[in-house]
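Numbers given in the working numbering equal positions in the sequence shown, counted from 1, plus 6. Virtual Cβ for every residue (Gly too), placed ideally from N, Cα, C. From a predicted model like this one, the values you see are computed outputs, not experimental measurements. I have placed the structure first, in the form of structure tokens, so that the comments after it can refer back to it.
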Amino acid sequence: MSEVYDIILRNGRVMDPETGFDAVCDLAVSGGTIARIGTIDGTAAREIDATGLIVAPGFLDLHAHGQSVAADRMQAFDGVTTTLELEVGAMPVAGWYDRQAKVPRALHYGTAAAWIFGRKAAFGAIELDADVHPIDQMGAGSDDMRWSTEAADAAQTAEIVAHVRQGLDEGAIGIGLPNGYAPGAGVKEMADICDLAFEYGTPTFTHIAYLSNIDPQSSVDSYVRLIGLAGATGAHMHICHLNSTSLMDIERVVELVAKAQEQGLPVTTEAYPYGTGATVVSAGFFMDPDFTKRTGSDYSNIELIHNHHRFTGREDMRAAREASPTDLVMWHYLDVDANDEHRRLLDLSVTYPGGSIASDAMPWINEDGSIYEGLEWPLPDTLSAHPRSSGTFTRFLREHVRERSTMPLMDALAKCTILPGKVIEGCAPQIAKKVRLQEGCDADIVIFDLETLTDKADFTAMNRPSEGVRHLLVGGEFVISDGTLNTDAAPGRPIRRTTR
């Protein structure tokens with residue numbers, strides 16, 4: 007008697023980046039698990055003809071700030087099955103997970119412990135509240151910036167470490183360390199936080215301290231310090247958005263990271279395939295009197311997301327941050343369409359061997375700048391975010407595999423699956439079965455047409471879903487079927503650090 011499965015994918019090109027398995031065959035799913043790969047004689051409640059399609063592990067995004075139903079749905083069309091808030095994180099961590107459990111999440115989700123919120127609390131700038139979105143917390147406290155500019159004393163440092171330790175004990179996947187938003191933090195504080203990461207066997211996810219092409223306090227300075235912390239404390243230092251924080255020094259920074267890795271230091275990287283970044287308008291580095299000189303970027307390259315206002319200068323930006331410090335802005339720091347050197351620099355970060363692709367996806371926001379948490383589909387045209395919130399992974403595969411052939415498909419898929427998985431599976435072992443396409447692994451699977459795969463969102467229409475993902479399974483449940491979103495699907499489950 008033949009085996010009966012829940013789902014059989016027939017005749018797809020099945021690809022597993024860890025083992026290098028690459029064959030046209032069948033794949034069967036039962037009970038949310040990959041039951042069999044090969045020639046399958048059995049039957050299933052649903053069979054999919056995957057002829058001509060790629061069948062791969064669902065993509066893992068280590069750096070996604072959206073964390074909502076709307077964000078999940080847009081990332082599903084980008085091939086993502088697990089979306090994590092690790093660069094900033096959340097605090098209180100247990101409260102964040104409790105809040106997410108009440109939301110019909112389509113994708114798996116998780117967070118780091120937010121060092122910067124612990125720092126703000128220790129300086130008296132905020133009260134920790136799980137009901138406040140992390141992006142809103144990032145903009146809070148702008149009326150007294152000591153938490154950003156000053157070194158912590160011994161008592162404050164102890165309080166910060168205690169907050170972060172509690173977050174790890176509550177299941178946070180590592181420590182979010184956006185040092186660039188609090189560059190006043192001293193090396194003693196950073197070393198204590200890194201000691202904590204090493205103690206718990208979990209990474210830090212770091213936005214480097216300085217964004218500048220010139221010394222002192224250059225981007226190169228930041229990377230040397232980060233690499234030094236890895237060597238001195240043993241902490242795994244994961245560098246967020248290698249492309250955007252390096253500015254025009256990407257080539258030198260890549261050399262430094264490669265040399266550190268050659269010496270066996272625990273340093274990893276990620277990048278996204280856009281020359282435009284995004285953050286809150288109240289980010290302290292925008293107020294540096296030498297911002298233009300240090301970054302090589304004019305204030306007119308910075309744009310409010312919700313109304314597309316381009317700033318005329320530092321005072322214009324100061325007025326905007328005072329009026330609404332949590333508003334989001336885009337920073338167009340590389341013109342990759344018109345400048346070949348900018349394109350080369352972006353490529354160095356995106357194609358860096360062993361580096362992950364991660365979106366830095368921003369939340370979807372309303373016209374008034376508030377965060378959208380509705381359930382409408384398609385997303386309303388009035389919403390804004392960043393094109394990377396919709397198309398990071400599809401853009402990467404389209405550009406670097408199909409159009410420009412900078413790498414083989416298997417290597418590109420590794421950057422979206424097994425490589426980011428290896429960053430966190432030591433502390434969050436759940437992820438090990440979500441980034442591999444092997445028998446016994448979770449049925450988190452993307453099925454896509456490489457010939458039609460493309461991002462559709464741009465800076466004038468950010469809410470256009472990517473195309474080419476024909477089916478997306480999360481825990482064996484169809485979130486996308488025949489290219490159509492299942493708005494009732496809510497199979498997302500929490501990913502947490504294994505507590506001691």
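ask   = How about CYS433 and GLY180: do their beta carbons lie closer than 8 Å?
value = Mapped onto the sequence shown, residue 433 falls at position 427. Mapped onto the sequence shown, residue 180 falls at position 174. Cβ atoms of CYS433 and GLY180: closer than 8 Å.
Coil, strand or helix - ASP294 by DSSP = Position 288 of the sequence shown, counted from the first residue, corresponds to residue 294. Residue state, collapsed to three classes: coil.
query = Quick check: the stretch 135-144 against the stretch 189-209, are there 3 or more CB pairs under 8 Å?
reply = no
query = Tell me the DSSP bridge mates of THR460?
reply = Along the sequence shown, read from residue 1 onward, the residue named residue 460 stands at position 454. BP columns for THR460 point to GLU473.
ask   = How many angstroms separate the CA atom of PRO279 from the CA atom of SER250?
value = Along the sequence shown, read from residue 1 onward, the residue named residue 279 stands at position 273. Along the sequence shown, read from residue 1 onward, the residue named residue 250 stands at position 244. PRO279 and SER250: Cα-Cα distance of roughly 10 Å.
key: ASP255 versus GLY186: straight-line alpha-carbon distance, rounded   = As a first step, residue 255 is located in the sequence shown; it is residue number 249 there, counting from the start. As a first step, residue 186 is located in the sequence shown; it is residue number 180 there, counting from the start. Those two C-alpha atoms are separated by around 16 Å.
Spatially closest choice to GLY237 from LEU262, THR298, GLY270 and LEU217, by CA coordinates = Here residue 237 refers to the residue found at position 231 when the sequence shown is read from its first residue. Checked all of LEU262, THR298, GLY270 and LEU217; the closest Cα to GLY237 is GLY270.
query = Which of the three DSSP states, helix, strand or coil, is assigned to MET196?
reply = Taking the sequence shown and counting its residues from 1, the one referred to as residue 196 is at position 190. Reduced to three states, the DSSP call for MET196 is helix.
task = With DSSP as the reference, please indicate the residues paired to THR117 in a beta bridge.
result = Walking along the sequence shown from the start, residue 117 turns up at place 111. Paired residues: GLU91.
ask   = Are GLY481 and ALA438 touching if we call contact CB-CB under 8 Å?
value = Here residue 481 corresponds to residue number 475 of the sequence shown, with the count starting at 1. Here residue 438 corresponds to residue number 432 of the sequence shown, with the count starting at 1. No, these two residues do not count as a Cβ contact at 8 Å.
query = Cβ of ARG111 within 8 Å of Cβ of ASP137?
reply = Here residue 111 refers to the residue found at position 105 when the sequence shown is read from its first residue. Here residue 137 refers to the residue found at position 131 when the sequence shown is read from its first residue. Result no, Cβ atoms of ARG111 and ASP137 do not sit closer than 8 Å.
Segment limits, alpha helix (DSSP H) that includes GLU416 = On the sequence shown, residue 416 is found 410 positions in, with the first residue counted as 1. Glu is not the amino acid found at residue 416; the sequence shown has Met there. MET416 -> alpha helix (DSSP H) spans 415-422.
key: Neighbour-count burial assignment, PRO369, 16 or more Cβ in a 10 Å radius   = Translated into positions along the sequence shown, residue 369 becomes position 363. Looking at its Cβ environment, which holds 16 or more other Cβ atoms inside 10 Å, PRO369 is buried.
request  = Tell me, to the nearest whole angstrom, how far the beta carbon of ALA120 is from that of ILE132; I am working on the premise that it is less than 8 Å.
outcome  = The residue you call residue 120 lines up with position 114 of the sequence shown. The residue you call residue 132 lines up with position 126 of the sequence shown. Contact doesn't hold; Cβ gap of about 11 Å is too wide.
ask   = Once you ignore the five residues that flank THR282 on each side, which residues in its own chain have a CB closer than 6 Å to its CB?
value = Within the sequence shown, residue 282 is the residue found at index 276, counting from 1. Excluding residues within five positions, the ones whose Cβ falls inside 6 Å are MET336 and HIS338.
key: Cβ contact (3+ pairs, closer than 8 Å) linking the stretch 201-219 and the stretch 227-234   = yes
query = Which ranges would you report for the beta strand (DSSP E) in the stretch 197-239 if only whole runs of at least 3 residues count?
reply = 210-213
query = Going along the chain, which residues of its own chain have a beta-carbon closer than 6 Å to the beta-carbon of HIS169, five neighbours each way excluded?
reply = Residue 169 sits at position 163 when you count from the first residue of the sequence shown. Only GLY124 meet the Cβ criterion.
task = Could you tell me which residues DSSP puts in a beta bridge with ASP448?
result = Against the sequence shown, residue 448 aligns to sequence position 442. ASP448 is bridged to THR39.
task = Leaving aside the five residues before and after GLU431 along the sequence, list all residues of the same chain whose C-beta is less than 7 Å from its C-beta, in chain order.
result = Position 425 of the sequence shown, counted from the first residue, corresponds to residue 431. Counting only Cβ-Cβ distances below 7 Å, and skipping sequence neighbours, we find ILE437 and ALA438.
request  = Throw me the rounded Cβ distance for the ASP32 and THR45 pair, which I believe falls under 8 Å.
outcome  = Translated into positions along the sequence shown, residue 32 becomes position 26. Translated into positions along the sequence shown, residue 45 becomes position 39. Sure, about 6 Å apart at Cβ, within 8 Å.
inquiry  = What does the alpha-carbon distance come out to for the pair ARG401 and ASP461?
reply    = Taking the first residue of the sequence shown as position 1, residue 401 is located at position 395. Taking the first residue of the sequence shown as position 1, residue 461 is located at position 455. Their Cα atoms are separated by approximately 5 Å.
request  = Tell whether a beta-carbon distance below 8 Å holds between LEU92 and ALA118.
outcome  = Walking along the sequence shown from the start, residue 92 turns up at place 86. Walking along the sequence shown from the start, residue 118 turns up at place 112. Taking 8 Å as the Cβ cut-off, LEU92 and ALA118 qualify as a contacting pair.
request  = Pull up the distance between the alpha-carbon of GLU382 and that of ASP494, whole angstroms please.
outcome  = As a first step, residue 382 is located in the sequence shown; it is residue number 376 there, counting from the start. As a first step, residue 494 is located in the sequence shown; it is residue number 488 there, counting from the start. About 12 Å.
ask   = By Cβ distance below 7 Å, which residues in the same chain neighbour ARG152 in space, the five residues on each side in sequence not counted?
value = Residue mapping note: residue 152 aligns to position 146 of the sequence shown, counting from 1. So the qualifying residues of the chain are PHE129.
ask   = When the Cα atoms are used, what is the spatial distance from ALA404 to THR412?
value = Along the sequence shown, read from residue 1 onward, the residue named residue 404 stands at position 398. Along the sequence shown, read from residue 1 onward, the residue named residue 412 stands at position 406. This sequence places Arg at residue 404; Ala is not what is there. Cα to Cα, ARG404 sits roughly 11 Å from THR412.
key: Bounding residues of the beta strand (DSSP E) (the contiguous stretch that carries VAL259)   = As a position in the sequence shown, residue 259 is number 253, starting the count at 1. Per DSSP, VAL259 belongs to no beta strand (DSSP E); it is in the alpha helix (DSSP H), 256-268.
task = Using the Cα positions of ARG410 and THR357, report the straight-line distance between them to the nearest angstrom.
result = Residue mapping note: residue 410 aligns to position 404 of the sequence shown, counting from 1. Residue mapping note: residue 357 aligns to position 351 of the sequence shown, counting from 1. Approximately 12 Å between the Cα atoms of the pair.
Separation of LEU262 from VAL109, as counted between CA atoms = Here residue 109 refers to the residue found at position 103 of the sequence shown. Here residue 262 refers to the residue found at position 256 of the sequence shown. Each residue's Cα considered, the two are about 42 Å apart.
key: Among GLY190, ASP55, GLY375 and LEU113, nearest to ARG476 - alpha-carbon criterion   = The count along the sequence shown starts at 1 and reaches residue 476 at position 470. Here the closest residue by C-alpha is ASP55.
query = Can you tell me the Cα-Cα spacing of ILE245 and ALA51, whole angstroms?
reply = In the sequence shown, the residue the question calls residue 245 occupies position 239. In the sequence shown, the residue the question calls residue 51 occupies position 45. Spanning the two alpha carbons is a distance of roughly 44 Å.
request  = Specify, as a first and last residue, the run of the beta strand (DSSP E) that GLY182 falls within.
outcome  = Taking the first residue of the sequence shown as 1, we reach residue 182 at position 176. Taken as a continuous stretch (DSSP letters only), the beta strand (DSSP E) holding GLY182 covers 181-184.
Beta carbon of SER376 nearer than 8 Å to that of ILE311 = As a first step, residue 376 must be located in the sequence shown, where it is residue number 370. As a first step, residue 311 must be located in the sequence shown, where it is residue number 305. Contact flag unset, no.
ask   = I think LEU113 touches VAL441, with their Cβ atoms under 8 Å apart; what is that distance to the nearest whole Å?
value = For the purposes of this step, residue 113 is taken as residue 107 along the sequence shown, with counting starting at 1. For the purposes of this step, residue 441 is taken as residue 435 along the sequence shown, with counting starting at 1. The pair is not a contact, with the Cβ atoms about 14 Å apart (cut-off 8 Å).
ask   = What is the rounded straight-line gap between the Cα of VAL452 and the Cα of THR88?
value = Taking the sequence shown and counting its residues from 1, the one referred to as residue 452 is at position 446. Taking the sequence shown and counting its residues from 1, the one referred to as residue 88 is at position 82. Taking the straight line from one Cα to the other gives about 12 Å.
message = Judging by CA-CA distance, which residue of SER8, GLU9, GLY38 and VAL10 is the nearest neighbour of GLN444?
response = Position 438 of the sequence shown, counted from the start, is the residue given in the question as residue 444. Taking only the C-alpha atoms, the option nearest GLN444 is GLY38.
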